[in-house]
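Number of protein chains: 2
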Amino acid sequence: MARPEKNEPADADRNAPTATDDMLRAFIGYNMKRSFIVVREDLQRVLDPLGLKVATFSALSVVVENPDISQSQLAQVLKLERSGMVVLVDALEGDDLISRNRVPGDRRTYALRATPKGRRLWEKARAVVDAHETALFGPILDAGERALLLSLLQRVSSAL
Amino acid sequence: MARPEKNEPADADRNAPTATDDMLRAFIGYNMKRSFIVVREDLQRVLDPLGLKVATFSALSVVVENPDISQSQLAQVLKLERSGMVVLVDALEGDDLISRNRVPGDRRTYALRATPKGRRLWEKARAVVDAHETALFGPILDAGERALLLSLLQRVSSAL
DNA sequence: TATTGTTATACTCTATAACTATA
DNA sequence: TATAGTTATAGAGTATAACAATA
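Read top to bottom, the protein sequences are chains A and B. No gaps in the numbering here: position 61 of the first sequence is 183 in this note's numbering, and each next residue is one more. No gaps in the numbering here: position 32 of the second sequence is 154 in this note's numbering, and each next residue is one more.
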């Protein structure tokens with residue numbers, strides 16, 4: 123007993139009924155995680171040639187959009203701790219993409235501003251990220267579905 | 123110059139125009155990340171009383187659904203490394219939720235099975251996770267929108 | 001040679017706590 | 001006392017690489 127000899131090749135396993143995760147697939151959170159992993163990997167791939175990480179791209183984006191924002195405000199918008207911001211701002215400042223400027227009224231805070239180089243890189247990054255999302259979601263969702271997904275996720279992430 | 127004296131209270135900042143992340147909000151990936159963070163936190167919160175983590179809940183779920191699955195197959199389904207599975211399976215086995223059984227034909231692999239205790243806990247966890255998603259998304263999305271979001275995310279995460 | 005499970009290790013991301021300098 | 005920024009540290013999650021047993 124126990125299959126005395128099987129002359130099937132090793133890929134018998136691949137022909138065997140594949141293991142399923144159907145029960146997990148019923149949960150939004152599970153699909154959100156798997157989706158996000160794919161999206162983040164591809165996003166990192168396209169940001170890498172620009173010398174940006176996902177976190178630094180996000181931070182640069184908010185600084186471009188909000189000149190003279192402080193590190194604390196930046197941390198608040200991105201929902202991470204002030205201590206974590208220091209590393210991100212250090213990296214962006216080290217690459218001359220943003221500058222830490224002292225403010226006249228309060229010598230504790232910095233007013234963060236994107237440098238011309240930072241604004242140029244951000245424009246490039248914005249185009250790259252847009253192309254990445256189009257290329258990634260294009261084969262899966264049509265324009266309407268993509269807008270719908272964006273809208274639903276915006277509502278969920280805004281109801282934080 | 124430079125505001126000689128400002129007798130506004132310290133919450134002048136709070137009345138100031140709040141910093142925005144509108145540019146980032148245009149990207150699906152950004153909203154996906156923020157949404158997932160909220161969902162994961164709440165999921166962990168409800169799984170904690172059951173002694174489960176998100177990862178062990180997922181692994182238990184797949185084992186319940188696929189009796190006699192091997193650790194490598196399990197890792198493949200959950201898209202993580204074999205080495206990472208060892209820790210998860212150790213934890214589940216240590217809590218007597220699954221068992222590692224030797225298979226007759228191949229002494230390298232384990233056939234993983236949920237114990238009766240594991241199946242009972244999984245049933246409870248399934249109900250808890252379902253309630254968590256209903257409570258979390260209920261105030262934000264109606265039933266149709268929730269099904270739509272699930273369907274869109276399933277398509278994205280399946281097109282991996 | 002290839003595969004399963006294992007161990008040790010390292011890396012990323014993020015959080016916590018304590019400190020400083022300012023207010 | 002409270003806040004902005006900083007530092008050091010630690011934890012979670014996951015990946016890489018090398019190894020033993022087995023095929």
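We put the CB at the ideal spot given by N, CA and C, even for glycine. In this text the structure is predicted, and so the values were computed from the model without any measurement.
Exposure of residue i, with buried meaning 16 or more beta-carbon neighbours within 10 Å
i: E203 (chain B); result: exposed
i: E255 (chain A); result: buried
i: K246 (chain B); result: exposed
i: K155 (chain A); result: buried
i: G151 (chain A); result: buried
i: L282 (chain B); result: exposed
i: V184 (chain B); result: buried
i: S279 (chain A); result: buried
i: V225 (chain A); result: exposed
i: P126 (chain B); result: Model confidence at P126 (chain B) stands at a pLDDT of 35, short of 50, so the residue's coordinates are unreliable; what they give is reported in the following sentence. It is exposed - the Cβ of P126 (chain B) has fewer than 16 other Cβ atoms within 10 Å.
i: N223 (chain B); result: exposed
i: A269 (chain B); result: exposed
i: A257 (chain A); result: exposed
i: A249 (chain B); result: exposed
Spatial distance of residue i from residue j (CA atoms)
i: R186 (chain B); j: M145 (chain B); result: Position check: residue 186 (chain B) holds Val in this sequence, whereas Arg was assumed. Going from the Cα of V186 (chain B) to the Cα of M145 (chain B) covers about 43 Å.
i: G240 (chain B); j: A141 (chain A); result: 19 Å
i: D190 (chain B); j: Y232 (chain B); result: 8 Å
i: D143 (chain A); j: Q166 (chain A); result: 27 Å
i: G216 (chain A); j: L234 (chain A); result: 13 Å
i: K201 (chain A); j: G227 (chain B); result: 52 Å
i: L271 (chain A); j: V160 (chain B); result: 17 Å
i: R242 (chain B); j: Q276 (chain B); result: 27 Å
i: V209 (chain B); j: S194 (chain B); result: 13 Å
i: V168 (chain B); j: D218 (chain B); result: 20 Å
i: A265 (chain B); j: F158 (chain B); result: 19 Å
i: M207 (chain A); j: G260 (chain B); result: 33 Å
i: S180 (chain A); j: F149 (chain B); result: 11 Å
i: A236 (chain B); j: R147 (chain A); result: 19 Å
i: G173 (chain B); j: L174 (chain A); result: 38 Å
i: A253 (chain B); j: E267 (chain B); result: 17 Å
i: V211 (chain A); j: D170 (chain B); result: 35 Å
i: Q198 (chain B); j: A197 (chain A); result: 36 Å
i: T178 (chain B); j: S192 (chain B); result: 15 Å
i: P238 (chain B); j: R230 (chain B); result: 25 Å
i: L214 (chain A); j: I220 (chain B); result: 47 Å
i: D164 (chain B); j: R162 (chain A); result: 22 Å
i: W244 (chain B); j: V176 (chain B); result: 12 Å
i: L263 (chain B); j: I262 (chain A); result: 23 Å
Note to self: Threshold first: 4 residues or longer. Then list the alpha helix (DSSP H) segments lying entirely within the region 190-235 of chain B, N to C.
What the structure shows: 193-200 and 204-216
Chain-ordered residues of the region 222-245 of chain A with a beta carbon less than 8 Å from chain B | P226 and G227
Point to revise | Against chain A: residues of the region 150-172 of chain B by CB proximity under 8 Å | key: I150, G151, Y152, N153, M154, K155, R156, S157, F158, I159, V160, V161, R162 and L165
Return the residues of the region 204-222 of chain A that lie within a Cβ-Cβ distance of less than 7 Å from chain B, sorted by chain order. Cβ contacts with chain B: none found.
Worksheet entry | Short-range partners of chain B found in the region 245-262 of chain A, where Cβ spacing is below 9 Å | R248, V251, D252, H254, E255, L258, F259, P261 and I262
When Cβ atoms are compared, which residues of the region 267-282 of chain B fall closer than 8 Å to chain A?
E267, R268, L270, L271, L272, L274, L275, Q276, R277, V278, S279, A281 and L282
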